[in-house]
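I have placed the structure first, in the form of structure tokens, so that the comments after it can refer back to it.
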Amino acid sequence: MYTPSKAKGPQYSFPILNADEIVQCLKELQIPFSEEQLKKPTSESIRATYEQILELLLGISREELQQPVFQALDVLSYPELHEYSVGQLNFHRNLQKLLEACGYHEFSMKDYLKPEYARTRKILSAIINFAKFREERLVTFLELQGRSEELTAKKNQLEEELSELKEKVSKLRREDEEMTPYAQSLEQQAEELVGQIAQYNKTQASLQKQIKELKTEVSSRSDKISSVKFNILNEKQECNKLQEMVVPSPEKAKKEIEDMSEQLESDKQTTQSIERRTKDLRLRINGLEDCERELRQTFKLMQECEEQMNEWRTLQEGLSEKRQRIVDYEEELKRLKSTESHYRRQLSNVEERISRLQVQAEEKRRYADEAYDQVCQDRSEVEREREEVERRVERTNVLIQTTKDKVQEMLNEHEREVERVRDKYRSLEASVVKYHRELFSVMQSLSSYQTKLEASTSR
Numbered sequence: 001m002y003t004p005s006k007a008k009g010p011q012y013s014f015p016i017l018n019a020d021e022i023v024q025c026l027k028e029l030q031i032p033f034s035e036e037q038l039k040k041p042t043s044e045s046i047r048a049t050y051e052q053i054l055e056l057l058l059g060i061s062r063e064e065l066q067q068p069v070f071q072a073l074d075v076l077s078y079p080e081l082h083e084y085s086v087g088q089l090n091f092h093r094n095l096q097k098l099l100e101a102c103g104y105h106e107f108s109m110k111d112y113l114k115p116e117y118a119r120t121r122k123i124l125s126a127i128i129n130f131a132k133f134r135e136e137r138l139v140t141f142l143e144l145q146g147r148s149e150e151l152t153a154k155k156n157q158l159e160e161e162l163s164e165l166k167e168k169v170s171k172l173r174r175e176d177e178e179m180t181p182y183a184q185s186l187e188q189q190a191e192e193l194v195g196q197i198a199q200y201n202k203t204q205a206s207l208q209k210q211i212k213e214l215k216t217e218v219s220s221r222s223d224k225i226s227s228v229k230f231n232i233l234n235e236k237q238e239c240n241k242l243q244e245m246v247v248p249s250p251e252k253a254k255k256e257i258e259d260m261s262e263q264l265e266s267d268k269q270t271t272q273s274i275e276r277r278t279k280d281l282r283l284r285i286n287g288l289e290d291c292e293r294e295l296r297q298t299f300k301l302m303q304e305c306e307e308q309m310n311e312w313r314t315l316q317e318g319l320s321e322k323r324q325r326i327v328d329y330e331e332e333l334k335r336l337k338s339t340e341s342h343y344r345r346q347l348s349n350v351e352e353r354i355s356r357l358q359v360q361a362e363e364k365r366r367y368a369d370e371a372y373d374q375v376c377q378d379r380s381e382v383e384r385e386r387e388e389v390e391r392r393v394e395r396t397n398v399l400i401q402t403t404k405d406k407v408q409e410m411l412n413e414h415e416r417e418v419e420r421v422r423d424k425y426r427s428l429e430a431s432v433v434k435y436h437r438e439l440f441s442v443m444q445s446l447s448s449y450q451t452k453l454e455a456s457t458s459r
């Protein structure tokens, strides 16, 4: 469980396990460890255990831990003197990184150079709590794997749709490029036609006015012609009546006839002139009607051009919408690619964990089968040994008294030997403590030197 803290790095509270629980949990992690190693830890055994833990949780093998940092060694004057210390610092740095992730921030070199039971127990409890926390997240990883597959399928579908849309957009762009000169030509023609129509409208208005005036004049002239013809007819009738009523004087009648003939000829000329004028007016009216028909055709062409322009604008608007959709799809594709990359990394970690769990399960199953076979075999042997022991017990009882005497003598000798060994042990312990202090001082100096070296290298 997590508890916030103001200390350096995240602080996690974890239960402090007892010795049996620690040994059992490490056994489940395929890390051999005994209760004696926990209660009486030594530098060699605890370092080996930490190396196996680093390999399990960080994926760093023992060989990689011992591998020196060649770039750092090149800076030193005598790199061969520091190969061991650089490897030690590499081990220390990775173990410290793991323990900080586990929520333990009190780690120091003393924990593996001169380990103590209490601190070792606390460190292993933190590591076991972290390992169990990783296993609890396996279900979440499997769910993420399922979601990753769904998102991958959705991504593939979106990519296919995007590909189709890109093809459509490419086609529309080609059509747009092909239609652009035509559209520009239509726009230019439309502008010219608009100017012509305006001019035609003016001309039409003027011609309509002239037509109206001419029609009025033609009507007036027609009325006048009809009136003249009617007057001529009346005059002829009147002449005929007068000729019948009077005896005409030949000369006077001849003169009147000549005057009337002249008047008639003048009227005929006037009538012909009016008819010619009327014919000209009718021709002009027909011409104006032809112009009007041409104007109607021009208006019709203008309407068709306007419809084509509207269609072209509609295509442009649809193309803009599709371009925006393409931008949206590209942004969605980028987001899906980022999500896919994240899920692929998680999936890789899950697959690695599953593979490791499968190997562990197979080893446990094989170990259980071997243990069962061994138990069956041991049971038969125990039965035989029990019978043999019963027979030996009878013989042993006879030897007990003799053995007690020998044991007493051996105990006395053993006490004397133990006293000698204790003297040697105290002497050896003093030497070892002195050696460890010197070694610890050297390691601290190397650690400080390594830190300064890394700082200078980073600058």
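Residue numbers for the sequence shown follow full-length UniProt numbering, beginning at 1 and rising by one. Every residue gets a Cβ at the ideal spot worked out from N, C-alpha and C, and that includes glycine.
Own chain, CB closer than 6 angstroms to residue i, minus 5 neighbours either side, in chain order
i, result
"residue 110", "none"
"residue 384", "none"
"residue 95", "50"
"residue 419", "none"
Expected contact under 8 angstroms - CB spacing of residue i and residue j to nearest Å
i, j, result
"residue 14", "residue 87", "Contact flag wrong, Cβ pair sits at about 29 angstroms."
"residue 312", "residue 183", "5 angstroms"
"residue 57", "residue 131", "7 angstroms"
"residue 197", "residue 302", "7 angstroms"
"residue 332", "residue 151", "Between residue 151 and residue 332 the Cβ distance is about 11 angstroms, and since that is not below 8 angstroms, they are no contact."
"residue 344", "residue 148", "7 angstroms"
Where residue i sits in the DSSP three-state scheme
i, result
"residue 4", "Since pLDDT at residue 4 reaches only 32, below the 50 mark, its modelled position is unreliable, and the value read off the structure follows with that caveat. Here residue 4 sits in coil by DSSP."
"residue 33", "coil"
"residue 42", "coil"
"residue 18", "coil"
"residue 182", "helix"
"residue 134", "helix"
"residue 59", "coil"
"residue 141", "helix"
"residue 406", "helix"
"residue 104", "coil"
"residue 114", "coil"
"residue 109", "coil"
Residue j beta carbon less than 7 angstroms from that of residue i
i, j, result
"residue 462", "residue 128", "Absent from the structure is residue 462, since the part of the chain shown begins at 1 and ends at 459."
"residue 155", "residue 336", "yes"
"residue 115", "residue 46", "yes"
"residue 19", "residue 35", "yes"
"residue 142", "residue 440", "no"
"residue 232", "residue 271", "no"
"residue 214", "residue 172", "no"
"residue 117", "residue 39", "yes"
"residue 326", "residue 144", "no"
"residue 274", "residue 211", "no"
"residue 207", "residue 295", "no"
Status (buried if at least 16 other CB within 10 Å, exposed otherwise) for residue i
i, result
"residue 181", "exposed"
"residue 90", "buried"
"residue 401", "exposed"
"residue 220", "exposed"
"residue 450", "buried"
"residue 37", "buried"
"residue 92", "buried"
"residue 299", "exposed"
"residue 107", "buried"
"residue 399", "exposed"
"residue 33", "buried"
"residue 65", "buried"
"residue 99", "buried"
"residue 283", "exposed"
"residue 428", "exposed"
"residue 411", "exposed"
Cβ neighbours of residue i in the same chain (closer than 8 angstroms, five flanking residues each side left out)
i, result
"residue 17", "25, 121, 124, 125 and 128"
"residue 31", "49, 52, 53 and 56"
"residue 291", "200, 203, 204 and 207"
"residue 444", "109"
"residue 276", "none"
"residue 41", "115, 116, 117 and 120"
Same chain, Cβ closer than 7 angstroms to residue i, five either side skipped, listed in chain order
i, result
"residue 29", "56 and 131"
"residue 60", "54 and 94"
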